[in-house]
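At position 110 of the sequence shown the residue is numbered 109 (numbering that gives the first Met the number 0), and the sequence of numbers has no breaks. Glycine included, each C-beta is placed from N, C-alpha and C at the ideal position. Predicted model, so just to flag it, every value in this text is computed and none were measured. Written out below as structure tokens is the structure these notes cover.
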Amino acid sequence: MKLVWKGIYKNRKQLPVGDLPAHAVKFKEPNSMLTLNIIAGIFAIPVLVLIGLAVIIKFILMGHEVEVGFFNLWGIILALLMIIPHEMLHAIVFPRGEEVGLWFLPGFLGAFVVSTVPLSKGRFIFLSLLPNIIFGLIPLCVWIFLPHNLAITNIVWSFAFISLFFGVGDYLNVWNATFQMPKGSMQQLSGMNSYWYMPE
């Protein structure tokens, strides 16, 4: 994987166009960054459910000693500092030697990576989930077992909470791949959109 800094994203004309086969099928997905972020916001609901389950498990394990709901500034700052590393974790899943472009979205306080190399369904889903597992799910699981009176507990809680919400666009990709891509199909980006096709 060769990561290339592309600068600030302004419009879809900046995005590379993939060499798609004639039978490629466009994903049913939003056609603009604004619409994508609005639709992806729906995935905040399962994130809240997951966090709620973590809180319940912590209550069961530690009972009345649990304190939840206090956000720590250091945890929030740390989560914000992971915006670029989050995208780098996406990028490393692309095949070795392939160019991956990295854009920054200042208006949305975010970034994204793009490559037009084809990926298997499983690899695309793993690519979408990897940074959310590393920066969100694993810290949330660690938080469950941390004593409430440690300074690091609220830092880990805040970091995991914010990091999981940063992944809402990734969860939309996972949803689309799971329910739109047939078994054995390939995913490929072209411009703003994803496509799937059966290899010949």
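Query                                                                                                  : Result
Segments assigned alpha helix (DSSP H), at least 4 residues, entirely inside the region 77 to 112      : 82 to 90
Val141 to Val113 span [Cα, whole Å]                                                                    : 31 Å
Met0 to Gln187 span [Cα, whole Å]                                                                      : 16 Å
Counted within 10 angstroms of its Cβ, other Cβ atoms place His22 as buried (16 or more) or exposed    : exposed
Residues near Val16 in its chain [Cβ-Cβ closer than 6 Å; skip 5 each side]                             : Ser189, Gly190
C-beta neighbour in chain C for Pro198, strict 8 Å                                                     : Among the chains in the structure shown there is no chain C, since it carries only a single protein chain.
CB contact flag (Val24, Trp195, <8 Å)                                                                  : yes
Local conformation of Ser162 per DSSP, three classes                                                   : helix
Of the residues Asn10, Thr34, Ile75, the one placed nearest Ile161, counting alpha carbons only        : Ile75
Ordered list of beta strand (DSSP E) runs contained in the region 139 to 192, each at least 3 residues : 185 to 189
The alpha helix (DSSP H) enclosing Lys27, as first and last residue numbers                            : That residue, Lys27, is in no alpha helix (DSSP H); it is neither H nor E in DSSP.
Three-state class that DSSP yields for Leu128 in the structure shown                                   : helix
Secondary structure of Gly17, DSSP reduced to three states                                             : coil
Pairwise C-alpha distance: Leu19 and Met180                                                            : 16 Å
Lys9 in three-state terms, based on DSSP                                                               : coil
Which listed residue (Leu47, Pro94, Pro130) has its alpha carbon closest to that of Met87              : Pro130
Own chain, CB closer than 6 Å to Ile124, minus 5 neighbours either side, in chain order                : Val173, Ala176
Beta-carbon gap between Val167 and Phe26 smaller than 8 Å                                              : no
Enclosing alpha helix (DSSP H) for Pro45 [first to last residue]                                       : 43 to 61
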